[in-house]
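Contents: one structure, followed by commentary.
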Amino acid sequence: MRRWSLARQLFVVQTVLLTVVVLAVGAIAFALERSRDRSHAEAQVLRAAQSIAADPVVMAGVAGSDPTAALQPYALWTMATVGADFIVIMTPDGIRWTHANPDVIGGRYLGTIEPAVAGGTVVEQYTGTLGPSVRAVAPVIVDGQVVALVSVGITLERLWTQLVRTLPTLALLLAGVLAIAATGAWWVARQVRRRTRDAAIGEIENALAAQEAVLQSLKEGLVALDDHGRIRWVNPAARTLLGLHGEDIGRPVAGTALQGTLAALLVSGRAAVDEPHLVGDTVLIVNQRSVRWGGRSFGTVATLRDHTELRSATDELASTKAFADSLAAQSHETANRLHTMVMLIETGRPEEALRYATEQIELSQRVTDEVTGQVDHPVLAALLIGKAAQAEERGAALDLRVEVELAGITGWLPDSDIVTVVGNLLDNAIEASTAGVTDQDVARVRLTLTGGPGELGIVVEDNGPGIPDEDLEHVRERGWSTKGPRHGSGRGIGLALVDRATRRYHGTLQIDRGEWGGARFTVHLPAPAVAPARVTGPAQVSVTRT
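For reference, each letter of the sequence shown is one residue, going 3 to 548 in the numbering used here.
Pasting the structure below:
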């Protein structure tokens with residue numbers, strides 16, 4: 003079971019204490035209100051009794067021959083007027099002339115009357131025929147003689163009902179006070195939680211130990227900076243990659259030996275994803291993001307990885323993908339050829355089957371020899387063999403022209419990038435040429451590779467319908483396709499990838515109409531002085547309308 007955090011303990015203790023205090027205050031307030039209501043009722047019934055005793059109507063009724071008949075209507079009317087539960091007018095001996103319950107008229111009054119008989123007043127709580135009540139008794143004095151007594155009372159039930167009516171207001175007030183107090187406790191606990199990250203003391207200790215172990219064991223470099231650009235900590239891998247030392251902890255980046263674009267990135271604090279930066283003779287892939295907790299910024303964290311390892315992995319992946327595409331493209335045609343040979347044999351024509359098989363083997367070998375003879379780049383050659391098979395399968399002719407020594411580009415152009423550019427351009431051209439020609443025409447695609455030791459030019463053109471002039475400005479946008487959105491979200495990505503790869507090498511991408519009337523894409527990739535930069539914006543695109 004997880005231990006409570008310091009912030010939670012503080013909040014719970016404060017809330018419990020505040021609740022106890024508020025409830026105690028509420029109980030005291032309720033008791034005071036009850037006492038005040040009783041005192042108010044005692045004063046009310048005493049004033050009423052004295053006022054009724056001095057009323058000439060009462061004096062006249064007492065002096066009459068039938069006091070009950072004269073005073074009962076008056077008593078009932080006055081009882082309703084003053085808000086009393088009963089008004090009893092009686093003889094000095096306590097025999098009732100009036101009462102709220104006519105059945106008890108003529109009976110003896112229940113309560114203390116002796117001080118009133120002596121000319122004084124009585125205020126008491128007594129249980130009579132209507133139950134417990136607060137009552138007052140005052141004498142009716144005529145010519146110095148006590149000729150009658152008047153008792154006015156309010157039952158405790160009525161007082162309790164009146165008191166209960168105030169409870170919602172009191173409860174609402176107490177709830178408001180408790181809510182304000184709890185909000186204050188929550189705010190205090192929240193500040194503690196921010197600074198302790200809602201952890202218990204043991205968890206904080208364990209987290210610090212685990213963090214140190216992780217930092218020491220990470221193969222990637224890790225650098226943390228505060229909001230002012232000071233280095234908070236670095237792990238051993240980062241110290242090795244950046245040449246930092248223990249005394250650099252706490253210093254601004256500008257105060258260390260770190261310079262160049264990486265230093266500018268760390269100081270800026272901006273987000274970065276897989277950005278290459280040159281540090282000495284090493285190209286590092288850098289990711290950086292800000293660290294926020296509870297709405298507060300705690301600086302940035304950057305991870306560093308040697309680009310050599312990444313390049314090796316991506317080149318291997320690109321090579322594998324190129325060979326896989328080649329095999330996949332040829333598998334369809336191979337299945338058709340095998341089916342043809344089987345049917346020739348089954349129909350009793352083995353000589354023609356042998357001749358057909360020999361021709362197909364020679365044709366496949368001829369295509370392979372032609373490609374490998376011109377392209378001295380294994381991955382690109384494998385890609386082009388596969389694309390040639392795809393083109394043949396779809397009824398298109400692929401023309402290859404190589405005017406550059408491709409072996410020279412392996413030092414600066416990764417396999418993944420050349421596969422991205424050439425593969426996507428050829429895919430688009432094959433699809434466009436086969437979709438835009440008539441039965442009498444032949445779908446044609448041409449790939450021309452030019453350049454020198456420090457550059458590479460790639461020209462792909464087809465005899466398809468081309469790209470409408472109004473769409474030339476949009477072809478490089480991710481998600482745009484000549485087939486429109488109805489063909490699904492997977493469309494319109496290939497050329498965007500070409501555009502991004504071109505941009506990384508500060509190259510150019512030109513789109514116009516070729517000599518066959520279809521689209522022509524011309525890519526120029528110069529060898530970079532340092533590792534190509536990762537970009538997210540569009541490439542430099544030149545559009546020619548003819």
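C-beta atoms are modelled at their ideal positions from N, C-alpha and C, and glycine is treated no differently.
Does DSSP put G453 in a helix, a strand or coil? strand
Which whole runs of the beta strand (DSSP E) in the segment 82 to 167 are 3 residues long or more, in chain order? 88 to 92, 124 to 130, 133 to 144 and 147 to 157
Counting beta carbon pairs with one atom in the segment 170 to 182 and one in the segment 143 to 158, are three or more of them shorter than 8 Å? Verdict: no, contact absent.
With 16 as the cutoff for other CB atoms within 10 Å, does M345 come out buried or exposed? exposed
If you follow the beta strand (DSSP E) that V281 is part of, which residue opens it and which one closes it? A274 to V281
Counting pairs of beta carbons, one from the segment 154 to 161 and one from the segment 129 to 137, are three or more of them closer than 8 Å? yes
Across which residues does DSSP place A398 in a beta bridge pair? Paired residue(s): A445.
Where does G375 sit, in a helix, a strand or coil, going by DSSP? The answer is helix: DSSP assigns G375 an H, G or I state.
Near G413, what residues of its chain come up, given a Cβ to Cβ distance below 6 Å and the 5 sequence neighbours on each side ignored? none
Report the partner residues of I287 according to the DSSP bridge assignment. P278 and R307
Is it the case that the segment 63 to 80 contacts the segment 102 to 109, given that we only count it when at least three CB pairs across the two stretches are under 8 Å? Segments in contact, yes.
Work out the CA separation of G509 and F300 for me, nearest whole Å. 38 Å
Cutting at 7 Å between CB atoms, please list the residues of its own chain near A77, excluding the five before and the five after it. I89, I91 and T100
Taking 7 Å as the limit between beta carbons, can you name the residues of its chain near N426, skipping five residues before and five after? G496, L497, L499 and V500
According to DSSP, simplified to helix, strand and coil, what is G466? coil
Where does L227 sit, in a helix, a strand or coil, going by DSSP? strand
Can you list, in chain order, the stretches of the beta strand (DSSP E) that have 3 or more residues and sit fully within the segment 32 to 92? Correct list: 88 to 92.
Beta-carbon proximity check, L180 vs T21, cutoff 8 Å: yes
At what residues does the beta strand (DSSP E) containing I233 begin and finish? I233 to V236
Check whether the segment 227 to 235 and the segment 253 to 269 are in contact - that is, three or more C-beta pairs closer than 8 Å. yes
Can you tell me whether T349 is helix, strand or coil according to DSSP? coil
Any idea what DSSP makes of Q261, helix, strand or coil? coil
Along the beta strand (DSSP E) that carries L511, what are the first and last residues, could you check? T510 to R515
In the DSSP assignment, find the unbroken alpha helix (DSSP H) run with A187 in it and report its ends. L169 to T198
Local Cβ density within 10 Å of H247, reported as buried at 16 or more and exposed below that: exposed
Taking 8 Å as the cut-off, does the segment 445 to 459 touch the segment 388 to 406 (at least 3 CB pairs, one atom from each stretch)? yes
Excluding the 5 residues preceding and the 5 following G539 in the sequence, name in chain order all residues of the same chain whose CB lies nearer than 6 Å to its CB. In this prediction, G539 has a pLDDT of 39, which is less than 50 and means its spatial position is unreliable; what the coordinates show is noted afterwards. Excluding positions up to five away in sequence, the list is empty.
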